[in-house]
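>
Protein chains in written order, with this note's numbering: chain A, 23 to 169; chain B, 864 to 1014.
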């Protein structure tokens, strides 16, 4: 039980959340949702790139078939998914193997490779897109003032 | 994280599956000479299963795994995923699903003794049955996630 305690005894302190919340209230929830949606899709793009890299040497057609796709979700729950094998239906067979070919997994190892860095990637993507959105707003405001 | 932990985890899963009575009741004996256990394999019994006699089925093969670091300040840990394959020649998915169910019952949220490691949890993550392209064989895939810490 001691080991269990050690493993799960982690805490995280986020500072600046109030300011961020305030910013989103000011700039509108719609803007925040757009940024979150773009950040989630960028994460899916990173997953797509990892899978493509892992499979590129085995099958170029399969690598080409791996795509990050936006799915219709709820406004506060953006969903993007990575789809494999539309033009190369043997993607599943390569991952799991068949009765005469050994499994050469690329999806699970790719996802597991990305998993530990997922939160950091999300922060990076969200931060970059937030800064861009703010820069756009500032530019638009400056333009409006000139007029 | 160490390779030794991965070896110990695989050994523990192999031993657990071989010793599991409900799973053992469904499997024939191992194909390898001098091996008196049930048909749970580390390496597949053949490179092409169409060469195998029907009596060799169903069997279970420990598949690929992944390991990621899960260290804390004062201990070394790792998060591991283990994929296990079940192969059957039963005309339909019933048998392969029964084998997968037995594997699930043997491992999901159960205690597992791993040499040099404390298993914090072992959870079922994913299961799929696939009709093999040869038209005869049914293939089941089940994956578990484990969190372990060095003792």
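Where is the CB? At the ideal position from N, CA and C, for every residue including glycine.
Whole-angstrom Cβ separation of residue 891/B and residue 919/B, contact assumed at under 8 Å?
Between the beta-carbon of residue 891/B and that of residue 919/B there is about 7 Å, and that keeps the pair under the 8 Å contact cut.
> For residue 33/A, name the three-state secondary structure that DSSP assigns.
For residue 33/A, the predicted model reports a pLDDT of 45, less than 50, meaning its position is unreliable and no value from the coordinates is stated.
> Pairs of beta-carbons, one from the segment 135-143 of chain A and one from the segment 64-76 of chain A, closer than 8 Å: are there three or more?
yes
> Would residue 84/A and residue 147/A qualify as a contact pair, given that the criterion is a beta-carbon distance under 8 Å?
no
> Which residues does DSSP pair with residue 951/B in a beta bridge?
1001/B
> Can you check which of these residues, 924/B, 1001/B, 957/B, 1005/B, is closest to residue 906/B by C-alpha distance?
924/B
> Output yes or no for whether 8 Å exceeds the beta carbon distance between residue 1012/B and residue 966/B.
no
> Thinking C-beta only, is residue 940/B closer than 8 Å to residue 934/B?
yes
> Take residue 931/B as the anchor and find which of 921/B, 942/B, 996/B has the nearest alpha-carbon.
Considering only alpha carbons, the answer is 942/B.
> Taking Cβ positions only, does residue 912/B come closer than 8 Å to chain A?
At a cut-off of 8 Å between beta carbons, residue 912/B contacts chain A.
> Using a C-beta to C-beta distance shorter than 7 Å, which residues of chain B count as neighbours of residue 55/A?
The premise fails here: residue 55/A is roughly 30 Å from chain B at the closest Cβ pair, so nothing lies under 7 Å.
> Under 8 Å between the Cβ atoms of residue 121/A and residue 937/B?
no
> Using DSSP bridges, identify the partner residues of residue 877/B.
Its beta-bridge partners do not exist; DSSP assigns none.
> Is the beta carbon of residue 113/A less than 8 Å from the beta carbon of residue 87/A?
Yes, these two residues count as a Cβ contact at 8 Å.
> Which value, in whole angstroms, describes the spacing of the CA atoms of residue 901/B and residue 866/B?
Straight through space, the alpha carbons of residue 866/B and residue 901/B are spaced by roughly 26 Å.
> Considering only residues of the same chain and omitting the five flanking positions on each side of residue 68/A, which have a CB-CB separation below 7 Å?
136, 143
> Residues bridged to residue 988/B by DSSP?
Its beta-bridge partners do not exist; DSSP assigns none.
> Skipping 5 residues on each side, what residues in its chain have a beta carbon closer than 6 Å to that of residue 127/A?
117
> Just the chain A side, please: which residues come within less than 8 Å of residue 995/B by C-beta, in chain order?
120, 121
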